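K.L.:
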Amino acid sequence: MKIAVDAMGGDNAPEAIVSGSLQAVQRWPDLEIILVGDPKKIQGCLEKIPGGNSGNSATVSGSDLSQKITIEEASELITMDEHPANAVRKKKNASIVVATRMVKDGRADALVSAGSTGAQMAAALLGLGRISGIDRPAICSVLPAPSGAKVLLDVGANLDAKPENLCQFALMGSIYAQMILKIEQPRVALLNIGSEEGKGNQLTQQAYDLMKSVPINFTGNIEGRDLMYDQADVIVCDAFVGNIVLKTLEGFSAYLFGLLKETLSATFTRKIGAAMVMPALKHMKASFDYTDYGGAPLLGVAGTSIICHGSSNAKAIMNAIRVAGECVEDGVIDDIERCLSHFAIKRS
Numbered sequence: 037m038k039i040a041v042d043a044m045g046g047d048n049a050p051e052a053i054v055s056g057s058l059q060a061v062q063r064w065p066d067l068e069i070i071l072v073g074d075p076k077k078i079q080g081c082l083e084k085i086p087g088g089n090s091g092n093s094a095t096v097s098g099s100d101l102s103q104k105i106t107i108e109e110a111s112e113l114i115t116m117d118e119h120p121a122n123a124v125r126k127k128k129n130a131s132i133v134v135a136t137r138m139v140k141d142g143r144a145d146a147l148v149s150a151g152s153t154g155a156q157m158a159a160a161l162l163g164l165g166r167i168s169g170i171d172r173p174a175i176c177s178v179l180p181a182p183s184g185a186k187v188l189l190d191v192g193a194n195l196d197a198k199p200e201n202l203c204q205f206a207l208m209g210s211i212y213a214q215m216i217l218k219i220e221q222p223r224v225a226l227l228n229i230g231s232e233e234g235k236g237n238q239l240t241q242q243a244y245d246l247m248k249s250v251p252i253n254f255t256g257n258i259e260g261r262d263l264m265y266d267q268a269d270v271i272v273c274d275a276f277v278g279n280i281v282l283k284t285l286e287g288f289s290a291y292l293f294g295l296l297k298e299t300l301s302a303t304f305t306r307k308i309g310a311a312m313v314m315p316a317l318k319h320m321k322a323s324f325d326y327t328d329y330g331g332a333p334l335l336g337v338a339g340t341s342i343i344c345h346g347s348s349n350a351k352a353i354m355n356a357i358r359v360a361g362e363c364v365e366d367g368v369i370d371d372i373e374r375c376l377s378h379f380a381i382k383r384s
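Going left to right, the sequence shown walks through residues 37 to 384 as the working numbering numbers them.
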């Protein structure tokens, strides 16, 4: 399986991207990584990281599961402050555009990027196109929670969604949770201001009625305070709400553990107590670690495109590559297409 990785996208590129790619090859020997970007910068990282060499490819050492990492040249880069669609149209040799084109041409099975989310979505829509039956794609994020992983979508693709879009998100999210998270009959809920039917604005009320007719395990509305509890496996909302929810959870998690550290180290007595509960605190913190889940797939486009957090480290990139491989291996896109086709026939 070949995964095209945008080596130039992200706050920690290309070092973290190259390092994460090497770690992925070491762990999953069936993968072949194609690093897309500036060959000199990528090669410089390969020479510094254990497992790299000075040739045009890198061979992972110390294992019988050695795999080559090749480099695909891309001379341009789309920055965060550029208009995504315009930049994708003008910069034909940008790393994210080249990586997407490789998937379109069949030279790669999937792509991974931690660069501009808008540019990645524009490149996917223009280069790969939408799945038949999907009006708008959705970014599907896995929420790390003590009660178990769950899916939240959309978290950034469509700020102004229609009821039909939320209905399609629910269908795609259910398939993803079943195929990738291995949840049988995932419970799908609509994020709303109340749990009762009839709550919310016009968008959520109409979406509620539509989602009752979709072949999913729809359980109704869920409130924001119940997000982290074991009440739903797939949570559906528009991107404006979803992105705020996601970043609020990220910020609160960082604040909470920072406050715990400050509080528990304030006095000598507290430090003694902290030493006793440290294993439990580390376990709790690990359950909120987004790097374990890697990246978020852009569902609804005719190809596997994994969107990573801009500040992704090597571990996050490694797991994003894993997610890309699982999406391809489990045929997530094919399942979405089949389900949509069956639903369309059923509705007719």
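Every residue gets a Cβ at the ideal spot worked out from N, C-alpha and C, and that includes glycine.
Note that the coordinates shown come from a computational prediction; the quantities given were computed from them, not determined experimentally.
Alpha helix (DSSP H) containing THR240: first to last residue?
P.N.:
Annotation: the continuous alpha helix (DSSP H) that includes THR240 extends over 238 to 247.
K.L.:
Do VAL124 and ALA146 have their CB atoms nearer than 8 Å?
P.N.:
No.
K.L.:
Can you have a look at LYS127 and say buried or exposed, based on whether 16 or more other CB atoms are within 10 angstroms of its CB?
P.N.:
buried
K.L.:
For ASP190, count neighbouring Cβ atoms within 10 angstroms of its own Cβ and tell me buried if that reaches 16, exposed if not.
P.N.:
buried
K.L.:
Who are the near neighbours of CYS81 in its chain, counting only those whose CB is closer than 6 Å to its CB and skipping five residues on each side?
P.N.:
Excluding residues within five positions, the ones whose Cβ falls inside 6 Å are PRO50, GLU51, VAL54.
K.L.:
Assuming LEU164 and VAL139 are in contact, meaning their beta carbons sit under 8 Å apart, how far apart are those beta carbons, in whole angstroms?
P.N.:
Your pair LEU164 and VAL139 checks out as a contact, with CB atoms roughly 7 Å apart and the cut at 8 Å.
K.L.:
Does any C-beta atom of chain E lie closer than 8 Å to the C-beta of ASN279?
P.N.:
Although the question refers to chain E, the structure presented lacks it and comprises just one protein chain.
K.L.:
What whole-angstrom Cβ distance do ALA397 and VAL270 have, given they're in contact under 8 Å?
P.N.:
There is no way to answer for residue 397, as the model of the chain reaches only from 37 to 384.
K.L.:
Going by DSSP, what residue range makes up the alpha helix (DSSP H) through LYS126?
P.N.:
120 to 126
K.L.:
Which residue marks the beginning of the alpha helix (DSSP H) containing ILE69, and which one marks its end?
P.N.:
Note, ILE69: premise wrong, no alpha helix (DSSP H); beta strand (DSSP E) at 68 to 73.
K.L.:
Residues bridged to PRO251 by DSSP?
P.N.:
None, per the DSSP bridge assignment.
K.L.:
Distance check for LYS84 and SER93, CA to CA, integer angstroms please.
P.N.:
In this predicted model, SER93 has a pLDDT of only 44, less than 50, meaning its place in the structure is not dependable; the value taken from the coordinates is given anyway. Cα to Cα, the separation comes out at about 14 Å.
K.L.:
Comparing C-alpha positions only, which one of GLY56, VAL41, ASP42 sits nearest to THR327?
P.N.:
GLY56
K.L.:
Is ARG358 near ALA60, with beta carbons less than 8 Å apart?
P.N.:
yes
K.L.:
In this structure, does DSSP put ASP171 in helix, strand or coil?
P.N.:
coil
K.L.:
Could you tell me whether any non-hydrogen atom of the ligand ADP is closer than 7 Å to the CB of ARG143?
P.N.:
Among the ligands in the structure shown, none appear at all, so the ligand ADP cannot be discussed.
K.L.:
Helix, strand or coil for LEU296, going by three-state DSSP, please let me know.
P.N.:
helix
K.L.:
Is the region 250 to 260 in contact with the region 203 to 219, if contact means three or more CB pairs nearer than 8 Å?
P.N.:
yes
K.L.:
Can you give me the Cβ contacts of ASN228 inside the same chain, cut-off strictly under 6 Å, excluding the 5 residues immediately before and after it?
P.N.:
LYS235, GLY236, THR240, ASN257
K.L.:
Can you list, in chain order, the residues of its chain with a C-beta nearer than 6 Å to that of ALA159? Leave out the 5 residues immediately preceding and following it.
P.N.:
Excluding residues within five positions, the ones whose Cβ falls inside 6 Å are VAL124, ILE132, VAL133, THR136.
K.L.:
Use the C-beta contact count for GLY336: other C-beta atoms within 10 angstroms, 16 or more gives buried, fewer gives exposed.
P.N.:
For GLY336, the number of other beta carbons within 10 angstroms of its own is at least 16, and it is reported as buried.
K.L.:
Looking at the secondary structure, which residues open and close the alpha helix (DSSP H) in which ARG166 lies?
P.N.:
No alpha helix (DSSP H) contains ARG166, which DSSP labels as neither H nor E.
K.L.:
In whole angstroms, what is the alpha-carbon distance linking CYS273 and ARG172?
P.N.:
13 Å
K.L.:
Might you give, ordered along the chain, the residues of its own chain that have their beta carbon closer than 6 Å to the beta carbon of SER347, omitting 5 neighbours on each side?
P.N.:
ASP47
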